[in-house]
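See structure below.
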Amino acid sequence: MKPGIVNPKGPGKSKPRLHASIKKDTVNPSDYLKYDTRFSCEDCSHFDSEKVLCTIGYNPIHHLKATQTRQYELAGNMAFCRFLEID
Ligand code: SF4
């Protein structure tokens, strides 16, 4: 038997994730098409568009418009930032 951490899923299986994946919410397709919504970093008061960073310290990668659109087109859901603020 090899020393090291035992994979709880069993030998030969992929390793468990070290971090939980980000929560994504399902989006109703008719709502997505009907409404001109504001829910990406580019719409947020905390977003620095020149540096592409969140000024309150969150990782914006999951909430950028392009990422949200891609995720929606792939799976019909997307990650919404709970700290989005629009002035
Ligand atoms: S608060 Fe959320 S939506 Fe706003 S810039 Fe930061 S990560 Fe993006």
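Counting from 6, one number per residue, gives the positions in the sequence shown under the working numbering. Even for Gly, the Cβ is constructed at its ideal location relative to N, Cα and C.
message = Could you check if TYR63 belongs to the surroundings of the ligand SF4, using beta carbon to heavy atom distance under 6 Å?
response = yes
The stretch 6-23 in contact with the stretch 49-65 per 3-pair CB rule at 8 Å = no
query = Would you say PHE52 touches the ligand SF4, meaning its beta carbon is less than 6 Å from a heavy atom?
reply = yes
key: Within 7 Å, strictly: CB atoms of LEU69 and CYS46   = yes
message = Given 6 Å as the limit, tell me if PHE88 has its C-beta closer than that to any heavy atom belonging to the ligand SF4.
response = yes
query = Looking at the C-beta of ILE61, does it have a partner C-beta in chain D at a distance below 7 Å?
reply = The structure shown has no chain D; it contains just one protein chain.
task = Would you identify the three-state DSSP class for THR42, choosing helix, strand or coil?
result = coil
ask   = Of all the options ASN82, GLY15, GLU90, which has the alpha carbon lying nearest to the alpha carbon of ASN33?
value = ASN82
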